[in-house]
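A.B. asks: First the structure, then my questions, so here it is.
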Amino acid sequence: MEAATVVAAPILAADAAAKALQKKLLDLELPPFPAPAKKAAAKVVAAAPKKKLAGGAGGYVLEDVPHLTDYLPNLPSFPNPLQNHPAYSVVKQYFVNADDTVAKKIVVHKGSARGTHFRRAGPRQRVFFQPDEVSAAIVTCGGLCPGLNTVIRELVCGLHDMYGVTSVVGIEGGYRGFYARNTVELTPRSVNGIHKRGGTVLGTSRGGQDTGKIVDSIQDRGINQVYIIGGDGTQKGAATIHAEVQRRGLKCAVVGVPKTIDNDIAVIDRSFGFDTAVEEAQRAINAAHVEAESAENGVGVVKLMGRNSGFIAMYATLASRDVDLCLIPESPFYLEGKGGLLEFAEKRLRENGHMVIVVAEGAGQDVIARSMRLADAHDASGNKVLLDVGLWLCAKIKDHFKKKANFPITLKYIDPTYMIRAVPSNASDNVYCSLLAHSAIHGAMAGYTGFTVAPVNGRHAYIPFYRITEKQNKVVITDRMWARVLCSTNQPCFLSTEDVEKAGQDDEEPIVPLVEGENSLVKAPPLLANAGDGAALCNGAA
17 MEAATVVAAP
27 ILAADAAAKA
37 LQKKLLDLEL
47 PPFPAPAKKA
57 AAKVVAAAPK
67 KKLAGGAGGY
77 VLEDVPHLTD
87 YLPNLPSFPN
97 PLQNHPAYSV
107 VKQYFVNADD
117 TVAKKIVVHK
127 GSARGTHFRR
137 AGPRQRVFFQ
147 PDEVSAAIVT
157 CGGLCPGLNT
167 VIRELVCGLH
177 DMYGVTSVVG
187 IEGGYRGFYA
197 RNTVELTPRS
207 VNGIHKRGGT
217 VLGTSRGGQD
227 TGKIVDSIQD
237 RGINQVYIIG
247 GDGTQKGAAT
257 IHAEVQRRGL
267 KCAVVGVPKT
277 IDNDIAVIDR
287 SFGFDTAVEE
297 AQRAINAAHV
307 EAESAENGVG
317 VVKLMGRNSG
327 FIAMYATLAS
337 RDVDLCLIPE
347 SPFYLEGKGG
357 LLEFAEKRLR
367 ENGHMVIVVA
377 EGAGQDVIAR
387 SMRLADAHDA
397 SGNKVLLDVG
407 LWLCAKIKDH
417 FKKKANFPIT
427 LKYIDPTYMI
437 RAVPSNASDN
447 VYCSLLAHSA
457 IHGAMAGYTG
467 FTVAPVNGRH
477 AYIPFYRITE
487 KQNKVVITDR
497 MWARVLCSTN
507 QPCFLSTEDV
517 EKAGQDDEEP
527 IVPLVEGENS
537 LVKAPPLLAN
547 AGDGAALCNG
557 AA
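The sequence shown runs 17 to 558 under the working numbering.
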């Protein structure tokens, strides 16, 4: 992986710059907030998220995350207790520089704009919570994924060991648990060995997003840090919770830790559990290859997870090198006719005597729906209920070869999807989960809120909720990585000219200003922890 670019944000402390900023930055100023409001009885409707932008020379754009001082301007700050922590005393620079940012795009051209940046994650010199005042809550939502228990463990142990926080509770059963279940106390001792187990000790569920009731519970229980672990749907829910907490003027940091086994969260490098999923997928592919190779005209079909994104199938195919055909949701395919899947299968069996097919669960859904004339259905989270592409594909292959004289086949179908997501995380994901949890804790203690933490080009960053929920991360079928898959399998491309053009349009980046001028954002002064003279920098400057 290429080294990430960490860039210092330009700062102007002059009053003139501050005044210009108020006039020119879109949506930077939040409306004044009243005193904490009474609990809302009606269902909360999410408003459009406010974007907190700052600009600089050469098309530099900082997509910053909210801070508690945006709506609680007189909030006091305190020295970070990490400066007296024996484990950190040997670190050369354990506080992140006030203006460190992480570039979203690191491959640029000579005349390129500097582009979008995110605030770098890590401990700040000043914090906005005293350890004894912190009351933290952790919740897991959505489907299972390797590493959930590791994140829970590291959040609890990180809060306790780094900042001396002793009040941490777990919300059982997902979002609904905020108002339908009791909390469970979490201590370093109670979570000590949970990282060796699959699933989540807190339980999980889909749906249950009643924002008003959730924030009522947060307010009633005196919770002031909420750590929400889940995928893009869960992060959308976290964004509405943050908005309601802000509307009520509560001192409560809402932090997201992105979780999806499919690796389909935008902007970030990868989500935890993905490495484990690819590793476990190898076992199924190896088994399918052994079965296929041991039989006359053997065909092994493996269905892997990948609702809308085919990353697991793609990486597992590249890692295996035994796969003859990889099907993913992003790349359309067809069965019949010249250049179709069935023609390729017949050709490969005649050449090699066996073949292995890997198919992501979301592949070919339109083709199946048309052939079976079925209407769309959705689950409690709003996700489309998928038809079983594995069974459908097996039936089509069997039907095709039944019509071929003297061409018997032996087909074995392996579906390891729920086995893969239920296993404990591997060593790589365990380390990754620890880093995610620690970065989330540092951000919350520093007063940041309304963000998700994840690596961008190898550096952990704080990313606004809206940035990772506005679109899904998908395999770019016009990219070199997918070309490597096609070279490895020697399968047909299946793509028409229209498919290629559409893929190119979906992957287009938004245009950012190249130079300073009328269309450029102005340079931003640092965010202040307290109003008035002598105010301390909330982002860590002394």
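Note that beta-carbon positions come from the ideal geometry of N, C-alpha and C, so glycine has one too.
Starting from residue 330 and walking both ways along the alpha helix (DSSP H), at which residues does that stretch end?
C.D. replies: As a position in the sequence shown, residue 330 is number 314, starting the count at 1. Start and end: 327-336.
A.B. asks: Give the DSSP-derived three-state secondary structure of residue 405 in the structure shown.
C.D. replies: Counted from its first residue, the sequence shown places residue 405 at position 389. If DSSP states are grouped into helix, strand and coil, residue 405 belongs with the helices.
A.B. asks: Could you tell me which residues DSSP puts in a beta bridge with residue 136?
C.D. replies: Taking the first residue of the sequence shown as position 1, residue 136 is located at position 120. Beta-bridge pairing links residue 136 to 477.
A.B. asks: Does residue 220 come out as helix, strand or coil in the three-state DSSP assignment?
C.D. replies: The residue given as residue 220 occupies position 204 in the sequence shown. Residue 220 falls in the coil class under three-state DSSP.
A.B. asks: Along the chain, where does the beta strand (DSSP E) that runs through residue 567 open and close?
C.D. replies: This structure cannot settle anything about residue 567, because the visible part of the chain is limited to 17 through 558.
A.B. asks: Check the C-beta distance from residue 375 over to residue 319 and give it rounded, since I have them as a contact under 8 Å.
C.D. replies: Mapped onto the sequence shown, residue 375 falls at position 359. Mapped onto the sequence shown, residue 319 falls at position 303. At roughly 5 Å, the Cβ-Cβ gap stays under 8 Å, so residue 375 and residue 319 are in contact.
A.B. asks: Taking residue 10 as part of the beta strand (DSSP E), name the residues at either end of that continuous run.
C.D. replies: In the structure as shown, the chain begins at 17 and stops at 558. Residue 10 is therefore absent and cannot be evaluated.
A.B. asks: Alpha carbon to alpha carbon, how far is residue 152 from residue 491? Give it in angstroms, no decimals.
C.D. replies: As a working mapping, residue 491 is identified with position 475 in the sequence shown. As a working mapping, residue 152 is identified with position 136 in the sequence shown. Roughly 36 Å separates the two Cα atoms.
A.B. asks: On the DSSP letters alone, give me the boundaries of the beta strand (DSSP E) that residue 320 sits inside.
C.D. replies: For the purposes of this step, residue 320 is taken as residue 304 along the sequence shown, with counting starting at 1. Here the beta strand (DSSP E) through residue 320 covers 314-320.
A.B. asks: Using a Cβ-Cβ cut-off of 7 Å (strictly less than) and excluding sequence neighbours within five positions of residue 230, which residues of its own chain qualify?
C.D. replies: Numbered from 1 along the sequence shown, position 214 holds the residue referred to as residue 230. Only 191, 194, 195, 257 meet the Cβ criterion.
A.B. asks: Could you give the first and the last residue of the continuous beta strand (DSSP E) run that contains residue 599?
C.D. replies: In the structure as shown, the chain starts at 17 and stops at 558, and residue 599 therefore has no counterpart that could be examined.
A.B. asks: Check each candidate in 470, 353, 270 and name the one with the smallest Cα separation from residue 84.
C.D. replies: Along the sequence shown, one-based indexing puts residue 84 at 68. Of the candidates 470, 353, 270, the one whose C-alpha sits nearest the C-alpha of residue 84 is 270.
A.B. asks: Grouping DSSP H, G and I as helix and E and B as strand, with all else coil, what is residue 263?
C.D. replies: On the sequence shown, position 247 is the one that residue 263 refers to. Residue 263 falls in the helix class under three-state DSSP.
A.B. asks: Express the C-alpha separation of residue 280 and residue 427 in angstroms, rounding to a whole number.
C.D. replies: Mapped onto the sequence shown, residue 427 falls at position 411. Mapped onto the sequence shown, residue 280 falls at position 264. Between residue 427 and residue 280, the C-alpha separation is close to 31 Å.
A.B. asks: Is there contact between the region 463-481 and the region 122-142, where contact requires at least three CB pairs shorter than 8 Å?
C.D. replies: Flag = yes, the region 463-481 and the region 122-142 touch.
A.B. asks: In terms of residue numbering, what span does the alpha helix (DSSP H) encompassing residue 228 cover?
C.D. replies: Taking the sequence shown and counting its residues from 1, one reaches residue 228 at position 212. It spans 227-237 - the alpha helix (DSSP H) in which residue 228 sits, taken as one unbroken run.
A.B. asks: Quick check on the DSSP output: the alpha helix (DSSP H) that includes residue 290 runs from which residue to which?
C.D. replies: Within the sequence shown, the letter at position 274 stands for residue 290. First-last of the alpha helix (DSSP H) with residue 290: 290-309.
A.B. asks: What residue range is occupied by the uninterrupted beta strand (DSSP E) comprising residue 153?
C.D. replies: Taking the first residue of the sequence shown as 1, we reach residue 153 at position 137. Unbroken beta strand (DSSP E) run through residue 153: 152-156.
A.B. asks: Would you kindly report the start and end of the unbroken alpha helix (DSSP H) that includes residue 436?
C.D. replies: Working through the sequence shown from its first residue, we reach residue 436 at position 420. Start and end: 433-437.
A.B. asks: Could you check how far apart the C-beta atoms of residue 119 and residue 131 are, in whole angstroms? I think they sit under 8 Å.
C.D. replies: In the sequence shown, the residue the question calls residue 119 occupies position 103. In the sequence shown, the residue the question calls residue 131 occupies position 115. Right, the Cβ-Cβ distance comes to about 6 Å (below 8 Å), so this counts as a contact.
A.B. asks: Could you spell out the range, first to last residue, of the beta strand (DSSP E) harbouring residue 272?
C.D. replies: Reading the sequence shown from its first residue, position 256 is the one you call residue 272. Segment 269-274, the beta strand (DSSP E) holding residue 272.
A.B. asks: Taking the C-alpha atoms as reference points, what is the distance between residue 117 and residue 285?
C.D. replies: The residue you call residue 117 lines up with position 101 of the sequence shown. The residue you call residue 285 lines up with position 269 of the sequence shown. Those two C-alpha atoms are separated by around 16 Å.
A.B. asks: Straight-line CA distance for residue 383 to residue 467?
C.D. replies: One-based indexing of the sequence shown puts residue 383 at position 367. One-based indexing of the sequence shown puts residue 467 at position 451. Their backbone Cα atoms lie some 38 Å apart in a straight line.
A.B. asks: Is residue 341 helix, strand or coil when you go by DSSP?
C.D. replies: On the sequence shown, residue 341 is found 325 positions in, with the first residue counted as 1. The answer is strand: DSSP assigns residue 341 an E or B state.
A.B. asks: Whole angstroms is fine: what's the gap from residue 4's alpha carbon to residue 278's?
C.D. replies: What the structure shows of the chain is the stretch from 17 to 558, and residue 4 is not part of that stretch, so it cannot be assessed.
A.B. asks: For residue 3, which residues of its own chain have a beta-carbon under 7 Å away from its beta-carbon, when the five flanking residues on both sides are left out?
C.D. replies: Outside the shown range of the chain (17 to 558) lies residue 3, about which nothing can therefore be said.
A.B. asks: Distance, Cα to Cα, residue 250 vs residue 355?
C.D. replies: Counted from its first residue, the sequence shown places residue 250 at position 234. Counted from its first residue, the sequence shown places residue 355 at position 339. Residue 250 and residue 355: Cα-Cα distance of roughly 41 Å.
A.B. asks: Please determine, among 106, 273, 177, the residue with the shortest C-alpha to C-alpha distance to residue 156.
C.D. replies: Residue mapping note: residue 156 aligns to position 140 of the sequence shown, counting from 1. Looking at the Cα atoms, 273 is the closest of the given residues.
A.B. asks: Return the chain-ordered list of same chain residues with a C-beta closer than 7 Å to the C-beta of residue 110, the five sequence neighbours on each side being excluded.
C.D. replies: The residue labelled residue 110 in the question sits at position 94 within the sequence shown. 98, 104, 139.
A.B. asks: Classify residue 277 as helix, strand or coil using the three-state DSSP reduction.
C.D. replies: To locate residue 277, count along the sequence shown from 1; it is residue 261. Residue 277 falls in the coil class under three-state DSSP.
A.B. asks: Determine whether the beta carbon atoms of residue 385 and residue 405 lie at a separation below 7 Å.
C.D. replies: Residue numbering aside, residue 385 sits at position 369 when the sequence shown is read from its first letter. Residue numbering aside, residue 405 sits at position 389 when the sequence shown is read from its first letter. Not in contact: residue 385 and residue 405 (Cβ atoms no closer than 7 Å).
A.B. asks: Please name the residue or residues paired with residue 115 in a DSSP beta bridge.
C.D. replies: Along the sequence shown, read from residue 1 onward, the residue named residue 115 stands at position 99. Answer is none; residue 115 lacks a bridge partner.
A.B. asks: From residue 175 to residue 169, what does the alpha carbon distance come to, in whole angstroms?
C.D. replies: Counted from its first residue, the sequence shown places residue 175 at position 159. Counted from its first residue, the sequence shown places residue 169 at position 153. Approximately 10 Å, taken between the alpha carbons.
A.B. asks: Below 7 Å between beta carbons: does that hold for residue 219 and residue 247?
C.D. replies: Position 203 of the sequence shown holds residue 219. Position 231 of the sequence shown holds residue 247. Contact flag unset, no.
A.B. asks: Which word fits residue 310, buried or exposed, when buried means at least 16 other C-beta atoms lie within 10 angstroms of its C-beta?
C.D. replies: The residue labelled residue 310 in the question sits at position 294 within the sequence shown. It counts as exposed.
A.B. asks: Rounding to the nearest angstrom, what Cα-Cα distance links residue 408 and residue 315 in this structure?
C.D. replies: Along the sequence shown, read from residue 1 onward, the residue named residue 408 stands at position 392. Along the sequence shown, read from residue 1 onward, the residue named residue 315 stands at position 299. Those two C-alpha atoms are separated by around 15 Å.
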